[in-house]
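Engineer: Residue numbers (this note's numbering): 226 to 576.
Built from N, CA and C at the ideal position, the CB exists for glycine as well.
Once you've had a glance at the structure underneath, I'll fire off some questions.
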């Protein structure tokens, strides 16, 4: 019998298919449909930092606190602690309605007071929290190390205040992604040495030690920009991914498998069972799906699981652990295939 079960951030999942955070999981009906279709876990629609800040601003309209710093700070703290009650209700209702792990999602760009609201999410029953850090550096004078430190700070602030697992969903736009993944995926005081150059500790003595992320979600899909050349204006690009968008996360899952302590969640471009198989072979702990559900409906979950199970049976695998990471760089006898050699073969025709 084929066993699709897996463990993600210490959570027992019936299978590795996770419904990603989106409008599909922003209401109880979507959560129920995801679970009924066979999802292994569900990430709720993100709560944005700006939503909490908006409540704070609304409270501030009723009084003038100019010159009263303590009162203003108290008001801000009250607003952050209060938080959007609707989201907490969604967490509670979802946990009670389905028998799969419910992962809350916070889209943030700072670490100020976030741990307080994270505690409320934990108390509401969420099995874990996914921090979706929407930080896209656009200022030319901004140093890369300063951006990385903000990620560390956000993770540390939330991780140090709650007991449930924390996943970090990040983008690929770093000068040395392997290094930052290493730092986010380990307690830096205990990080093992690496033989691969791009994934070394790379920190100077005296750096603050941050607690590790329980999982890294690769990758965040930022807002897509486009230009309307007829009306000469900026417009939103296509928010949905296609199967070809899998390549970047596929490469980095394969590169990071067994080189960071965190679990790895593959996101972006996973539309069919074969895509899920690829990511698992690369080393993914779980795969997240979204666009394919928007295109094909929740029944696509069952189709992907059936295709995964059929592939396993065709290759005589009875569990995911038997083949997870088999095509990762760490397990390869030709690790150069994951880096420059394939590029040279493509453009030079070297065999």
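1. Looking at the secondary structure, which residues open and close the alpha helix (DSSP H) in which residue 437 lies?
2. In three-state terms, what does DSSP make of residue 332?
3. Expressed to the nearest angstrom, what Euclidean distance is found between the alpha-carbon atoms of residue 392 and residue 233?
4. Taking all protein chains shown into account, do 16 or more other C-beta atoms lie within 10 angstroms of the C-beta of residue 366, making it buried, or fewer, making it exposed?
5. Taking contact to mean 3 or more Cβ pairs, one atom from each stretch, closer than 8 angstroms, check whether the region 249–257 and the region 372–386 are in contact.
6. Who are the Cβ neighbours of residue 312 in its own chain at under 7 angstroms, not counting the five residues just before and after it?
7. Need the endpoints of the beta strand (DSSP E) that residue 398 sits in, please.
8. If you follow the beta strand (DSSP E) that residue 312 is in, where does it begin and where does it stop?
9. So is residue 226 buried or exposed if we call it buried at 16+ other beta carbons inside 10 Å?
10. Need the endpoints of the beta strand (DSSP E) that residue 535 sits in, please.
11. How about the region 447–462 and the region 513–531: do they share at least three Cβ pairs that are nearer than 8 angstroms?
12. I think residue 504 touches residue 491, with their Cβ atoms under 8 angstroms apart; what is that distance to the nearest whole Å?
13. With distances taken Cα to Cα, identify the nearest neighbour of residue 462 among 446, 471, 473.
14. Taking its Cβ as the centre, do 16 or more other Cβ atoms sit within 10 Å of residue 322, making it buried, or is it exposed?
15. Determine the burial state of residue 288: buried for a count of at least 16 other Cβ atoms within 10 Å of its Cβ, exposed for fewer.
16. By DSSP, does residue 232 sit in helix, in strand, or in coil?
17. For the ligand MN, is there a heavy atom less than 7 angstroms away from the beta-carbon of residue 343?
18. As a quick exercise: from 266, 320, 357, 239, pick the residue whose alpha carbon is nearest that of residue 444.
19. Using the C-alpha atoms, what's the distance from residue 238 back to residue 526?
20. Using three-state DSSP, classify residue 345 as helix, strand or coil.
21. I'd like the span of the beta strand (DSSP E) that includes residue 546, first residue to last.
22. Of the residues 474, 477, 537, 488, which one's Cα is nearest the Cα of residue 235?
23. State the start and end residues of the unbroken alpha helix (DSSP H) segment that holds residue 473.
24. Excluding the 5 residues preceding and the 5 following residue 349 in the sequence, name in chain order all residues of the same chain whose CB lies nearer than 6 angstroms to its CB.
25. Report the three-state DSSP secondary structure of residue 272 (helix, strand or coil).
26. Buried or exposed: which applies to residue 439, given that a residue is buried once 16 or more other Cβ atoms fall within 10 Å of its Cβ?
27. Mapping DSSP to helix, strand and coil, what is residue 513?
28. What are the residues that DSSP puts in a beta bridge with residue 237?
29. Exposed or buried, what is residue 371 when buried is set at 16 or more other beta-carbons lying within 10 Å of its beta-carbon?
30. Does the contact criterion of 3 or more C-beta pairs under 8 angstroms hold for the region 539–558 versus the region 497–513?
31. Quick one, which of 342, 359, 328 has its alpha-carbon nearest residue 390's?
32. Answer with buried or exposed for residue 332, where buried requires no fewer than 16 other C-beta atoms within 10 angstroms of its C-beta.
33. Just grab the DSSP bridge partners of residue 461 for me.
34. If you run the structure through DSSP and keep just helix, strand and coil, what is residue 485?
Structural biologist: According to the structure data:
1. Counting along the chain, residue 437 falls outside any alpha helix (DSSP H), and DSSP gives it neither H nor E.
2. strand
3. 10 angstroms
4. exposed
5. no
6. 272
7. Unbroken run through residue 398: none, as it is neither H nor E.
8. Looking at the DSSP string, residue 312 is not in any beta strand (DSSP E); the run it does join, the alpha helix (DSSP H), is 310–322.
9. exposed
10. Where residue 535 is concerned, there is no enclosing beta strand (DSSP E), although the alpha helix (DSSP H) it sits in stretches over 525–539.
11. no
12. 4 angstroms
13. 446
14. exposed
15. The predicted position of residue 288 is uncertain, since its pLDDT is 44 and thus under 50; no value can be drawn from it.
16. strand
17. The ligand MN is absent from the structure shown, which contains no ligands of any kind.
18. 357
19. 14 angstroms
20. helix
21. Per DSSP, residue 546 belongs to no beta strand (DSSP E) and is neither H nor E.
22. 488
23. 472–481
24. 313, 316, 317
25. strand
26. buried
27. strand
28. 232
29. exposed
30. yes
31. 328
32. buried
33. 450
34. coil
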